[in-house]
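Engineer: Going down the list, the protein sequences come from chains F and Z. To convert, note that position 243 of the first sequence is 384 in this note's numbering; the numbers rise steadily by one, no gaps. To convert, note that position 205 of the second sequence is 820 in this note's numbering; the numbers rise steadily by one, no gaps. Backbone N, C-alpha and C define an ideal beta-carbon position, used for all residues, glycine too.
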Amino acid sequence: MESTKRHFFSDMNVMLGRSMHHIFRSMDTIITVTITPIAMMLLFVYVLGGAIQTGTDNYVNYLLPGILLMAIASGIAYTSYRLFMDMQRGIFERFHSMPIARSAPLWGHVLTSLVSNAISVLVIILVALIMGFRSSAGVLSWLAVAGILALFTLALTWIAVIAGLSATSVDGAGAFAYPILFLPFISSAFVPTESMPSGVRAFAENQPVTSIVDAIRALLSGQPVGNDIWVALAWCVGIMLVAYIFAMRVYKKRM
Amino acid sequence: MQNQAIQVNGLQKSYEKIHVLKGVDFEVKKGSIFALLGSNGAGKTTIVKILTTLLKQDGGTAAVNGFDVASKPGDVRQSISLTGQFAAVDEILTGRENLIMIAKLRHLKNPRPVADDLLNRFGLTDAADRRVSTYSGGMRRRLDIAMSLVGKPQVIFLDELTTGLDPEARVEVWKTVKELANNGTTVFLTTQYLEEAEQLADRIAILHEGKIIANGTLAELKKLFPPAKVEYIEKQPSLEEIFLAIIGKKEEK
Ligand SMILES: Nc1ncnc2c1ncn2[C@@H]1O[C@H](COP(=O)(O)OP(=O)(O)OP(=O)(O)O)[C@@H](O)[C@H]1O
Ligand SMILES: [Mg+2]
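1) Provide the residue(s) that pair with Lys-644 (chain Z) in DSSP beta bridges, ordered along the chain.
2) Please specify which runs of the alpha helix (DSSP H), each continuous and at least 4 residues long, are wholly inside the region 642 to 697 of chain Z, giving them in chain order.
3) Looking at ligand 1, does it come within less than 8 Å of Ala-685 (chain Z), judged from the CB to the closest heavy atom?
4) Rounded to a whole number of angstroms, what is the C-alpha to C-alpha distance between Asn-624 (chain Z) and Asn-830 (chain Z)?
5) Count the other C-beta atoms from every protein chain shown that fall within 10 angstroms of the C-beta of Asp-152 (chain F), then say buried if there are 16 or more, exposed otherwise.
6) To the nearest angstrom, how far is the alpha carbon of Arg-757 (chain Z) from that of Phe-641 (chain Z)?
7) Would you call the region 227 to 238 of chain F in contact with the region 693 to 710 of chain Z, where contact means no fewer than 3 C-beta pairs closer than 8 Å?
8) Does Val-155 (chain F) come within less than 9 Å of chain Z when only Cβ atoms are used?
9) Just to be sure I understand the criterion: a residue counts if its Cβ is closer than 7 Å to at least one heavy atom of ligand 2. Which residues meet that?
10) From the beta carbon of His-823 (chain Z), is the nearest beta carbon of chain C less than 9 Å away?
11) What is the residue span of the alpha helix (DSSP H) that Ile-821 (chain Z) lies within?
12) Buried or exposed: which applies to Ile-386 (chain F), given that a residue is buried once 16 or more other Cβ atoms fall within 10 Å of its Cβ?
13) Using C-beta distances below 7 Å, list every residue in its chain close to Val-256 (chain F), excluding the 5 sequence neighbours before and after it, in chain order.
14) So, does the region 799 to 810 of chain Z touch the region 633 to 647 of chain Z, judging by three or more C-beta pairs under 8 Å?
15) When the cut-off is 9 Å and only beta carbons count, does Ile-321 (chain F) lie next to chain Z?
16) So what's Ala-843 (chain Z) in DSSP terms, helix, strand or just coil?
17) Per the contact definition of three or more C-beta pairs closer than 8 Å, is the region 222 to 235 of chain F in contact with the region 317 to 329 of chain F?
18) Between the beta-carbon of Ile-771 (chain Z) and the beta-carbon of Ala-678 (chain Z), is there less than 9 Å?
19) Along chain Z, which residues have their Cβ under 7 Å away from the Cβ of Met-181 (chain F)?
20) Select from F:Ala-278, F:Leu-183 and F:Ala-242 the residue whose C-alpha is nearest the C-alpha of His-148 (chain F).
21) DSSP three-state label for Lys-628 (chain Z), please.
22) Sorry if obvious, but does the Cβ on Asn-830 (chain Z) come closer than 8 Å to a heavy atom of ligand 1?
23) Compare the C-beta of Ile-92 (chain F) against all C-beta atoms of chain Z and say whether one is closer than 9 Å.
24) State buried or exposed for Met-156 (chain F), treating a residue as buried only when at least 16 other CB atoms are found within 10 Å of its CB.
25) Establish whether the CB of Glu-775 (chain Z) and some CB of chain F are separated by less than 9 Å.
26) Gln-693 (chain Z) versus chain F: which residues are under 7 Å apart at the beta carbon?
27) Any C-beta of chain F sitting closer than 9 Å to the C-beta of Met-754 (chain Z)?
28) Which chain Z residues sit within Cβ distance under 8 Å of His-237 (chain F)?
29) Name, in chain order, the residues that DSSP records as bridge partners for Asp-774 (chain Z).
30) Give the straight-line distance between the Cα atoms of Lys-664 (chain Z) and Glu-234 (chain F), rounded to the nearest whole angstrom.
31) Can you tell me whether DSSP reads Leu-157 (chain F) as helix, strand or coil?
32) Using the Cβ count rule (16 or more neighbours within 10 Å means buried), how would you classify Cys-377 (chain F)?
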């Protein structure tokens with residue numbers, strides 16, 4: 142058993158290489174993941190933007206954080222899908238009958254989710270730049286944004302792992318993402334929460350997406366982030382830990 | 616050195632309601648081909664999964680290469696490889712990439728030549744750089760077996776390796792398995808086809824209603840258990856058996 146621990150990172154690296162091949166050989170995945178958020182961005186900026194009062198003169202700047210979160214929320218559906226397919230096809234059984242760390246195949250999927258979502262995020266930021274997105278943020282602020290997005294991705298990825306491991310059909314594996322995709326709409330992502338009726342507003346202001354969006358928005362526009370960043374971090378880390386523990390339980394049971 | 620590659624004693628396993636294995640005993644000699652014969656749902660895959668450390672038994676003991684599967688799974692995994700009932704190949708990677716991946720996971724020093732050698736042995740060199748999703752069923756199964764040979768494991772498990780293959784591909788796979796055993800590897804295979812067991816195995820065991828009801832060489836089985844055998848042939852007649860039956864009827868007339 143010692144040797145399996147010693148090789149954990151090299152094994153995981155092989156697994157990462159494997160799923161990165163999957164991603165680069167099906168670039169349509171990246172396109173599918175980014176096209177809806179980009180379309181939303183176009184729609185909101187060029188069609189609805191004129192009617193929305195956000196108190197900023199650059200609506201793309203206002204919109205971008207929420208759009209990025211949407212892209213990640215749809216990206217993780219593929220993580221769950223890839224995991225499900227691996228379980229179906231029996232390749233996990235091969236891996237598990239080999240002298241490698243038991244969790245290496247799973248971590249391979251998790252890392253892949255991080256990398257592929259980072260690619261989607263970059264693509265969307267590029268499109269936003271073309272549409273007039275500008276940021277005064279320095280390197281540190283950008284790093285903080287990257288960190289929050291990475292944590293958000295990890296938190297959702299572990300939820301995706303649970304879904305992928307426990308799904309009984311391909312459709313089921315991706316279905317969990319829909320409610321998550323909807324969260325940005327009832328948050329400060331597109332319109333300020335002040336404009337919402339009080340009940341909805343209470344929900345919007347206390348759900349994770351709002352604090353994450355506000356923190357990223359403040360970082361990108363060089364405003365003081367205040368409490369938002371801590372609330373955002375607490376949400377991400379909290380969800381990640383709970384989902385991780387639960388996912389590992391399901392994994393041990395299934396394997 | 617003991618010369619048993621697999622030892623199974625009083626193996627028990629139940630899923631929620633069904634009692635699948637009710638005390639299974641058998642041994643497999645090193646370097647031999649052992650066929651476990653049984654109809655659909657007899658519990659063949661369950662035995663394979665226990666022996667390959669994928670599933671825990673409820674009772675009894677099982678040892679592979681001298682290591683207990685429950686207490687020394689790590690050592691068992693070092694000694695074996697599994698070609699499962701459903702092809703365990705990566706469809707999006709090429710044949711070569713699949714082999715290199717497994718070689719890296721087995722921590723071999725030179726993954727590339729190992730892959731090239733196996734591609735050559737299994738007649739996959741021309742298709743080596745094509746994605747596996749473009750392979751035929753027979754090619755896929757050959758790649759699957761090739762992946763199991765990476766790193767020269769001592770005991771190889773082949774679960775229903777020819778199910779779903781056409782007769783031609785089946786003969787091809789049989790040839791491969793025979794070559795394996797000639798090189799000293801122990802082969803444990805399961806099958807629903809009597810003919811396959813006849814073709815390949817040194818010893819054949821029949822799993823029925825949770826127990827091994829017959830175990831021996833083909834000649835011994837033919838002598839000892841004619842009634843049990845007839846029962847099985849009725850469920851899964853081999854091409855040869857049908858052929859013989861037709862000939863027999865013709866000659867009677
Ligand atoms: N995870 C499981 N949960 C519940 N029942 C199961 C499970 N796996 C197998 N079974 C049942 O156990 C019995 C034996 O299954 P097993 O797959 O070992 O049979 P098999 O001999 O390999 O059959 P086949 O020839 O169809 O592959 C079957 O009745 C099957 O339905
Ligand atoms: Mg089976």
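Structural biologist: From the atom records:
1) Looking at the DSSP assignment, Lys-644 (chain Z) forms a beta bridge with Z:Gln-619.
2) Segments of the alpha helix (DSSP H) lying fully in the region 642 to 697 of chain Z: 659 to 666 and 688 to 694.
3) Flag unset: Cβ of Ala-685 (chain Z) not near ligand 1.
4) 14 Å
5) buried
6) Roughly 28 Å between the two C-alpha positions.
7) yes
8) yes
9) Z:Lys-659, Z:Thr-660, Z:Gln-700, Z:Asp-774, Z:Glu-775 and Z:Thr-805
10) The chain labelled as chain C is not found among the protein chains of the depicted structure, namely F and Z.
11) That residue, Ile-821 (chain Z), is in no alpha helix (DSSP H); its beta strand (DSSP E) goes 818 to 823.
12) Exposed.
13) Met-161
14) yes
15) No, its Cβ sits nowhere closer than 9 Å to a Cβ of chain Z.
16) Its pLDDT being 49, under 50, Ala-843 (chain Z) is placed unreliably by the model, and nothing is read from it.
17) no
18) no
19) By Cβ distance, chain Z contributes nothing, its closest Cβ being about 30 Å from Met-181 (chain F), past 7 Å.
20) Checked all of F:Ala-278, F:Leu-183 and F:Ala-242; the closest Cα to His-148 (chain F) is F:Ala-242.
21) DSSP places Lys-628 (chain Z) in strand when its eight states are reduced to three.
22) no
23) With chain F covering only 142 through 396, there is no way to say anything about residue 92 (chain F).
24) buried
25) no
26) Pro-240
27) no
28) Thr-668 and Leu-669
29) Z:Thr-805
30) 9 Å
31) helix
32) buried
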